[in-house]
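Residue numbers (full-length UniProt numbering), protein chains in the order written: chain H, 1 to 504; chain W, 1 to 504.
In structure tokens form, the structure reads like this:
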């Protein structure tokens with residue numbers, strides 16, 4: 001195989017040399033034929049020039065999918081703006097060192113760019129670390145921003161469950177030194193508004209606090225240097241059984257089984273203010289100042305959620321841990337109840353789609369970028385738009401009425417041959433009047449094909465031009481749905497079309 | 001240096017071991033001190049943890065820049081939709097082989113991803129090749145689509161001239177087997193509509209045809225295998241003198257000086273229908289069927305442009321070549337006249353900003369992806385949004401009135417201490433009524449700070465709550481600009497706010 005490639009190369013060079021030297025044509029033909037023969041004996045590559053696909057874990061969006069996606073984005077952006085958020089944008093790649101040490105065990109999933117000389121770069125893994133870098137770099141102490149953009153993870157994608165290697169995140173974050181839990185509660189409220197506006201059915205916003213988790217780990221006897229790795233084991237509880245998580249803690253992470261079992265008791269707990277009060281009575285937990293602080297915060301968070309009218313959607317859940325290293329306080333995760341599961345009891349497909357938003361407080365991340373370690377406390381949520389999109393798409397597929405992918409209002413139709421110039425002039429006039437207009441790109445399209453184009457694409461109105469219309473200085477307006485037609489003077493065409501469109 | 005790092009590593013391990021073994025605290029402190037001393041002697045890395053910057057050739061967009069960018073996108077998308085275009089999306093990276101052999105000399109500028117196992121990937125270089133891949137992969141013969149997304153080029157960026165390594169492209173393309181020049185002329189029309197809606201001043205859309213160029217090269221005696229490389233030399237004429245281009249043709253590309261000088265005569269020509277007619281009389285050119293075909297097409301294009309009312313903006317320019325390999329017919333480039341230049345005669349800064357749109361016909365690109373080489377003819381234009389953005393941003397900076405970056409309508413203000421709960425309830429009610437609302441994240445903010453927030457952010461209306469308002473079951477509405485205040489019953493708050501907002 002390698003020999004064959006070498007032979008092809010040599011033969012190719014010979015052919016090029018002969019051509020350059022303007023050698024005898026018969027000689028060139030002979031050598032070209034040899035070259036082609038050699039190439040033909042190359043297995044496969046002759047016919048199959050390449051694999052026609054998108055990279056693993058990625059996908060294209062067709063116009064129909066785009067219209068669904070844009071519909072969801074519109075509602076999400078409306079919610080962000082309703083809460084006064086601005087938007088920013090950052091590059092799709094960052095200096096590699098910007099991402100280093102921010103994601104704990106997940107760092108192995110970061111995409112690196114090839115070293116082609118110059119800086120070492122990685123694709124962004126989320127929008128939170130670039131946001132923190134942006135704040136530190138621009139010395140911003142105070143901002144409420146949303147950012148909708150793609151992020152990249154070399155994960156093993158389960159695309160049927162709405163998990164991809166390239167996916168959109170929709171992040172809303174509030175940065176600044178404020179009084180406790182006021183921005184934190186607003187994040188819960190905004191998640192509730194978004195999930196309700198998208199009509200995704202019933203949901204619950206699980207909340208917990210890293211300070212409570214850390215206090216609980218300390219109270220259970222976990223050594224401090226194991227907090228993050230044990231936390232990351234607890235995080236798997238939404239996808240797997242406690243017995244597996246326990247085994248990971250003990251076998252992989254070297255935790256004392258006694259400590260693991262104590263954790264096992266705590267992570268079963270969920271509730272509301274009652275649970276907070278109960279834990280505030282837990283003597284072991286109360287020895288840990290971090291747990292006490294976290295529980296006081298939780299009490300405040302739940303109270304503010306009540307004032308925001310979303311307490312019935314909130315569940316204080318001690319099994320909620322979140323995988324990322326950078327959280328320091330409240331953490332959130334919103335789960336659709338129609339898609340929730342007991343591990344093992346339902347099919348794989350429904351498992352991953354449950355979680356549709358997540359986030360938390362990360363008070364120290366900006367400081368990691370600041371030369372003087374200046375702290376800018378932050379809290380935020382990320383909407384899981386890909387999973388939401390999977391649900392909306394499945395719903396649209398199941399529905400009878402297919403949405404439009406264009407918003408064309410008028411189709412210019414020629415009634416006879418040789419009308420192209422008239423059509424072009426009509427289109428110009430319509431476009432210049434900001435009326436969304438299309439026509440056939442054929443010189444002499446068939447009448448039926450033109451009507452068909454209107455029906456296929458849901459275009460409501462047609463302007464018809466033919467010899468008699470030209471003679472009478474009129475055009476014919478046709479309402480596609482009713483097939484009603486009427487003539488209007490050419491000079492009043494735009495006005496009449498505006499009237500018709502207003503009535504539709 | 002490497003020894004020092006090794007020493008730090010060993011010392012670090014010792015400290016961790018002592019801690020795990022719960023060794024004598026004094027001993028641990030001693031060893032920790034040694035470790036810190038070692039770390040301090042490490043040059044730099046102690047203080048300067050990393051460089052706080054975005055990668056070379058990239059930038060962040062702050063909220064103010066984003067509002068300018070979104071304003072431009074809104075107008076551009078409106079034009080695309082006015083012409084009935086749908087939108088699609090493709091992944092930011094493609095299989096490396098998808099991009100191979102599509103960009104000629106520019107291929108060296110493609111960003112590759114690191115080989116981390118699995119497929120070899122590259123960042124997209126434009127939106128045209130992914131579009132062609134999409135059409136072939138989904139067997140689409142017929143689509144009019146726009147795509148607005150970021151592309152990546154390892155170029156030497158001149159950021160003052162609006163050139164970046166990461167930049168947005170706004171592409172509009174028409175794919176399908178249609179009658180000559182009808183979609184091609186629509187591309188000129190859409191560029192004209194966009195440039196006019198953005199109010200960028202006077203402009204010209206240069207047009208040429210690869211068939212005319214190829215015919216001209218043949219007529220001048222350029223060997224066929226040099227067509228593309230000579231074309232790519234001609235492409236540099238908008239940035240450099242003919243003498244340099246001539247030298248590149250002869251010295252680098254091995255062209256006969258006689259042929260180069262003949263080309264030199266042709267590329268000076270520009271005009272309209274008159275020039276087409278003149279060239280149709282050129283005997284040398286007429287021997288080349290490709291030139292004849294190209295000139296006939298050009299005649300038709302100019303005629304259709306006239307019907308679209310944009311002929312006065314079009315210049316048939318034989319020096320227009322476009323760098324990319326894949327064009328097969330008409331090529332376009334729109335240039336702002338306020339920013340045009342004679343090489344050498346103006347400052348560097350104005351040179352690059354001139355070109356604000358470009359494109360052309362690429363009839364064979366989709367076939368390159370199709371296993372059966374099935375042809376889907378395509379034509380399209382790409383709007384140079386980054387350059388347009390540079391101009392709009394400079395203009396906004398120079399203007400007195402600074403635009404808003406949020407659209408918040410109401411700010412909820414507490415008139416006394418201990419009003420937080422009331423504020424939270426008011427916010428809830430306003431958000432639930434879809435009124436864009438903000439408040440202070442402080443528990444007891446100062447009255448003046450709250451008014452200041454309204455003025456700084458252009459928020460038109462305030463809702464004020466205090467003890468007397470609670471007692472009387474009212475809220476106070478304040479119009480920030482006029483400072484007019486009035487009380488409204490709490491139950492009529494939403495309705496009254498809607499009225500005020502409608503009047504603003």
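We treat Cβ as the ideally placed atom computed from N, Cα and C, and that holds for glycine.
TODO: Output, in sequence order along the chain, the residues in the stretch 405-417 of chain H whose CB is closer than 7 Å to any CB in chain W.
DONE: 405, 406, 407 and 408
Task: Contact residues within the stretch 64-85 of chain W, judged by C-beta distance below 9 Å to chain H - done: 64, 65, 66, 67, 69, 70, 78, 79, 81, 82, 83, 84 and 85
Task: DSSP bridge partner residues for residue 476/H (one or two, in chain order) - done: By 1-based counting over the first chain, the position of residue 476/H is 476. 464/H and 487/H.
- [ ] Tell me where the alpha helix (DSSP H) around residue 147/H begins and ends.
- [x] The sequence position of residue 147/H within the first chain is 147, counting from 1. Note, residue 147/H: premise wrong, no alpha helix (DSSP H); beta strand (DSSP E) at 143-152.
Open item on the list: Against chain W, does residue 17/H count as a neighbour if the rule is that its beta carbon must be under 9 Å from one of theirs?
Closed with: Taking the first chain and counting its residues from 1, the one referred to as residue 17/H is at position 17. Against chain W, the CB of residue 17/H has no partner CB under 9 Å away; the residue lies outside that interface.
- [ ] Can you grab the Cα-Cα spacing for the pair residue 409/W / residue 455/W, in whole Å?
- [x] Counting from one through the second chain, the residue named residue 409/W turns up at place 409. Counting from one through the second chain, the residue named residue 455/W turns up at place 455. Those two C-alpha atoms are separated by around 12 Å.
Task: Ranges of the alpha helix (DSSP H) found wholly within the stretch 279-306 of chain W, counting only runs of at least 4 - done: 283-286
TODO: Give the straight-line distance between the Cα atoms of residue 59/W and residue 88/H, rounded to the nearest whole angstrom.
DONE: Stepping through the second chain from its first residue, residue 59/W is reached at position 59. Stepping through the first chain from its first residue, residue 88/H is reached at position 88. Spanning the two alpha carbons is a distance of roughly 11 Å.
Task: Touching by the beta-carbon criterion (3+ pairs, under 8 Å), the stretch 74-93 of chain H and the stretch 125-134 of chain H - done: yes
TODO: Pick helix, strand or coil for residue 345/W, following the three-state DSSP scheme.
DONE: Here the question's residue 345/W lines up with position 345 in the second chain. Bear in mind that the predicted position of residue 345/W carries a pLDDT of just 43, short of 50, making it unreliable; the figure below should be weighed with that in mind. Reduced to three states, the DSSP call for residue 345/W is coil.
Open item on the list: Using a Cβ distance threshold of 8 Å, determine whether the stretch 363-373 of chain H contacts the stretch 211-221 of chain H, with at least three qualifying pairs required.
Closed with: no
- [ ] Can you grab the Cα-Cα spacing for the pair residue 315/W / residue 207/W, in whole Å?
- [x] To locate residue 315/W, count along the second chain from 1; it is residue 315. To locate residue 207/W, count along the second chain from 1; it is residue 207. Approximately 6 Å between the Cα atoms of the pair.
Open item on the list: On the CB-based measure, 16 or more other CB atoms within 10 Å of its CB, does residue 449/W come out buried or exposed?
Closed with: Counted from its first residue, the second chain places residue 449/W at position 449. Residue 449/W comes out exposed.
Open item on the list: Considering Cα atoms alone, identify which of 301/H, 359/H and 354/H is closest to residue 128/H.
Closed with: Along the first chain, read from residue 1 onward, the residue named residue 128/H stands at position 128. For residue 128/H, the nearest C-alpha among the options comes from 359/H.
Open item on the list: Just checking residue 335/W against the ligand FMN - is the residue's beta carbon closer than 8 Å to any of the ligand's heavy atoms?
Closed with: Annotation note on the ligand FMN: not contained in the displayed structure, which lists no ligands.
Task: Best match in 62/H, 480/H and 473/H for proximity to residue 462/H [C-alpha to C-alpha] - done: On the first chain, residue 462/H is found 462 positions in, with the first residue counted as 1. Looking at the Cα atoms, 480/H is the closest of the given residues.
TODO: Measure from the C-beta of residue 525/H to each C-beta in chain W and report whether the shortest distance is under 9 Å.
DONE: Not covered by the structure: residue 525/H. The range shown for chain H is 1 to 504.
TODO: Measure the C-alpha to C-alpha separation of residue 18/H and residue 225/W and round it to an integer number of angstroms.
DONE: As a first step, residue 18/H is located in the first chain; it is residue number 18 there, counting from the start. As a first step, residue 225/W is located in the second chain; it is residue number 225 there, counting from the start. Going by the C-alpha atoms only, they are around 13 Å apart.
- [ ] Name, please, each residue of chain H whose Cβ falls closer than 7 Å to the Cβ of residue 89/W.
- [x] Translated into positions along the second chain, residue 89/W becomes position 89. Per Cβ cutoff of 7 Å: 60, 61 and 66.
- [ ] Would you verify that the beta carbon of residue 351/H is, or is not, closer than 9 Å to some beta carbon of chain W?
- [x] Taking the first chain and counting its residues from 1, the one referred to as residue 351/H is at position 351. Residue confidence for residue 351/H is low, a pLDDT of 39 falling below 50, so the modelled location carries little weight and cannot support an answer.
TODO: Would you mind stating whether residue 319/H and residue 202/H have Cβ atoms separated by less than 9 Å?
DONE: The residue labelled residue 319/H in the question sits at position 319 within the first chain. The residue labelled residue 202/H in the question sits at position 202 within the first chain. Going by C-beta atoms, residue 319/H is not nearer than 9 Å to residue 202/H.
Open item on the list: At the level of alpha carbons, what is the spacing between residue 326/H and residue 28/W?
Closed with: Within the first chain, numbered from 1, the residue matching residue 326/H stands at position 326. Within the second chain, numbered from 1, the residue matching residue 28/W stands at position 28. Pairing residue 326/H with residue 28/W, the inter-Cα distance amounts to about 28 Å.
TODO: In angstroms with no decimal places, state the Cα-to-Cα distance between residue 332/H and residue 356/H.
DONE: Mapped onto the first chain, residue 332/H falls at position 332. Mapped onto the first chain, residue 356/H falls at position 356. Answer to the nearest angstrom: the Cα atoms are 11 Å apart.
Task: Within-9 Å CB hit, residue 456/W to chain H - done: Start at 1 with the first residue of the second chain, and residue 456/W comes out as number 456. No, no contact with chain H.
Task: Rounded separation between residue 16/H and residue 32/H - CA only - done: As a first step, residue 16/H is located in the first chain; it is residue number 16 there, counting from the start. As a first step, residue 32/H is located in the first chain; it is residue number 32 there, counting from the start. Going from the Cα of residue 16/H to the Cα of residue 32/H covers about 9 Å.
- [ ] Tell me, please, whether the CB atom of residue 138/H is closer than 9 Å to any CB atom in chain W?
- [x] Walking along the first chain from the start, residue 138/H turns up at place 138. Answer yes: the Cβ-Cβ gap between residue 138/H and chain W drops below 9 Å somewhere.
TODO: Could you tell me whether the Cβ of residue 5/H comes closer than 9 Å to any Cβ of chain W?
DONE: Position 5 of the first chain, counted from the first residue, corresponds to residue 5/H. Chain W has no Cβ within less than 9 Å of the Cβ of residue 5/H.
- [ ] Could you check what DSSP says for residue 498/H in three-state terms: helix, strand or coil?
- [x] Walking along the first chain from the start, residue 498/H turns up at place 498. Three-state DSSP puts residue 498/H in a helix.
- [ ] Establish whether the CB of residue 128/H and some CB of chain W are separated by less than 9 Å.
- [x] In the first chain, residue 128/H corresponds to position 128, counting from 1. Not an interface residue.
TODO: Step through the CB atoms of chain H and report whether any lies within less than 9 Å of the CB of residue 182/W.
DONE: Against the second chain, residue 182/W aligns to sequence position 182. So, interface residue.
Open item on the list: So, with DSSP's three-state summary, where would you put residue 67/W?
Closed with: Against the second chain, residue 67/W aligns to sequence position 67. Looking at residue 67/W - three-state DSSP - the assignment turns out to be helix.
Open item on the list: Using a Cβ-Cβ distance cut-off of 9 Å, determine whether residue 199/H contacts chain W.
Closed with: Locating residue 199/H in the first chain gives position 199, counting from the first residue. Cβ-Cβ to chain W under 9 Å: no for residue 199/H.
Task: chain H residues whose Cβ lies nearer than 9 Å to that of residue 438/W - done: Mapped onto the second chain, residue 438/W falls at position 438. Going along chain H in sequence order, the residues near residue 438/W (Cβ under 9 Å) are 83, 84 and 144.
Open item on the list: Going by the DSSP bridge assignment, what does residue 177/H pair with across the sheet?
Closed with: Within the first chain, the letter at position 177 stands for residue 177/H. According to DSSP, which records beta bridges pairwise, residue 177/H is partnered with nothing at all.
TODO: To the nearest angstrom, report how far apart residue 420/W and residue 444/W are at their CA atoms.
DONE: To locate residue 420/W, count along the second chain from 1; it is residue 420. To locate residue 444/W, count along the second chain from 1; it is residue 444. Taking the straight line joining both Cα atoms gives about 7 Å.
Task: Contact belief for residue 123/H with residue 388/H at Cβ below 8 Å, rounded distance in angstroms - done: As a first step, residue 123/H must be located in the first chain, where it is residue number 123. As a first step, residue 388/H must be located in the first chain, where it is residue number 388. Rounded to the nearest angstrom, the Cβ distance from residue 123/H to residue 388/H is 23 Å, too far for a contact under 8 Å.
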